[in-house]
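Engineer:
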Amino acid sequence: TPTLIFWGWLSDKIGRKPIILGGMALASLTYYPLYSALGTYADPKNVNYAMSILIVAILVNYVGMTYGPIGAFLAEFFPSRIRYTSVSVPYHIGNGWGGGLVPIVTTSMFLSTGSVGYALIYPIVVPAVMFLIAIFVMPETRKHSIWEEGAIEAARSRA
Numbered sequence: 045t046p047t048l049i050f051w052g053w054l055s056d057k058i059g060r061k062p063i064i065l066g067g068m069a070l071a072s073l074t075y076y077p078l079y080s081a082l083g084t085y086a087d088p089k090n091v092n093y094a095m096s097i098l099i100v101a102i103l104v105n106y107v108g109m110t111y112g113p114i115g116a117f118l119a120e121f122f123p124s125r126i127r128y129t130s131v132s133v134p135y136h137i138g139n140g141w142g143g144g145l146v147p148i149v150t151t152s153m154f155l156s157t158g159s160v161g162y163a164l165i166y167p168i169v170v171p172a173v174m175f176l177i178a179i180f181v182m183p184e185t186r187k188h189s190i191w192e193e194g195a196i197e198a199a200r201s202r203a
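The sequence shown lines up with residues 45 to 203 when you count with my numbering.
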């Protein structure tokens, strides 16, 4: 997304954790009203293109808030001797399974209930739960050297 660079840059200034947590919190709090509004503005009988594009841009911005800082966060989180495997395996499994299930789950829930509210339970609850977990276990890695042994472990113990 176009905002990846901005959020990555800002995470260099204020930290990875507040940006990533902010994206999760905003998604959890605003997905329902944004998707409800999108359903109204993108009605095929009377499309309001400007509002539809604005809503999609807001939603895409949330992706940027997570993915902008995530590369630096993951590099700073794991020691260099195990970084590639430690980052690659869970990252791709999480994106494949977690992200890949969103369209299937939301479509199934919408088709079975006819309700946008039920369809959005999965994409609202997952970031909300991850936000709550991350508050307590996610360390701030911004000022820790990726080359110094022990710096990352020290960051984790302070989380």
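Here a beta-carbon is modelled for each residue, glycine too, at the ideal position from N, C-alpha and C.
Here the structure is a predicted model, which is why all the values come from computation and not from measurement.
#1: Is DSSP giving N105 helix, strand or coil here?
#2: Which same chain residues, not among the five before or five after G59, have their C-beta less than 6 Å away from its C-beta?
#3: With distances taken from CA atoms, which of P167, P171, G52 and I114 is nearest L145?
#4: Considering just the uninterrupted stretch of the alpha helix (DSSP H) at L164, what are its terminal residues?
#5: Distance, Cα to Cα, G161 vs A71?
#6: Considering only the beta carbon of each residue, do I99 and L82 sit closer than 8 Å?
#7: Let's test the definition: count the other Cβ atoms within 10 Å of the Cβ of T110 and tell me whether it reaches 16, buried, or not, exposed.
#8: Closer than 7 Å by C-beta to L78: which residues in its own chain qualify, once you throw out the five before and the five after it? Chain order, please.
#9: Does the count of Cβ pairs from the stretch 48-66 and the stretch 112-122 closer than 8 Å reach three?
#10: Assign S124 to one of three DSSP states: helix, strand, or coil.
#11: If I'm right that L155 touches Y135 with Cβ under 8 Å, what's the distance once you round it to whole angstroms?
#12: Can you tell which of P171, F175, A172 and T150 has the C-alpha that lies nearest to the C-alpha of A163?
#13: Can you tell me whether P46 is buried or exposed? The criterion is at least 16 other CB atoms within 10 Å of its CB, across all chains shown.
#14: Would you call N90 buried or exposed, if buried means 16 or more other Cβ atoms sit within 10 Å of its Cβ?
#15: Judging by CA-CA distance, which residue of V181, V169 and R127 is the nearest neighbour of M68?
Structural biologist: Short version:
#1: As a first step, residue 105 is located in the sequence shown; it is residue number 61 there, counting from the start. In the structure shown, N105 sits in a helix (DSSP, three-state: H, G or I).
#2: Residue numbering aside, residue 59 sits at position 15 when the sequence shown is read from its first letter. Around G59: E184 and R186.
#3: In the sequence shown, the residue the question calls residue 145 occupies position 101. Looking only at P167, P171, G52 and I114, the smallest Cα-Cα distance to L145 is reached by P167.
#4: Here the question's residue 164 lines up with position 120 in the sequence shown. From DSSP, L164 is part of no alpha helix (DSSP H); its letter is neither H nor E.
#5: Locating residue 161 in the sequence shown gives position 117, where the first residue counts as 1. Locating residue 71 in the sequence shown gives position 27, where the first residue counts as 1. Straight-line Cα distance between these residues: approximately 14 Å.
#6: As a first step, residue 99 must be located in the sequence shown, where it is residue number 55. As a first step, residue 82 must be located in the sequence shown, where it is residue number 38. In this structure, I99 lies near L82, with their beta-carbon atoms less than 8 Å apart.
#7: Indexing the sequence shown from 1 puts residue 110 at position 66. T110 sits buried, since 16 or more C-beta atoms from the chains shown fall within 10 Å of its C-beta.
#8: Looking up residue 78 in the sequence shown gives position 34. Same-chain partners within the cutoff: I99, I102 and L103.
#9: Cβ pair count under 8 Å is three or more, so yes.
#10: The residue labelled residue 124 in the question sits at position 80 within the sequence shown. S124: coil per DSSP, three-state reduction.
#11: Translated into the one-based positions of the sequence shown, residue 155 becomes position 111. Translated into the one-based positions of the sequence shown, residue 135 becomes position 91. Not confirmed; about 31 Å, so no contact.
#12: Residue 163 sits at position 119 when you count from the first residue of the sequence shown. Out of P171, F175, A172 and T150, T150 has the C-alpha closest to the C-alpha of A163.
#13: Locating residue 46 in the sequence shown gives position 2, counting from the first residue. Note on P46: under 16 other CB atoms within 10 angstroms of its CB, so exposed under the neighbour-count rule.
#14: Stepping through the sequence shown from its first residue, residue 90 is reached at position 46. The C-beta of N90 has fewer than 16 other C-beta atoms within 10 Å across all chains shown, which makes the residue exposed.
#15: Taking the first residue of the sequence shown as 1, we reach residue 68 at position 24. Minimum Cα-Cα distance from M68 among the listed residues V181, V169 and R127 corresponds to V169.
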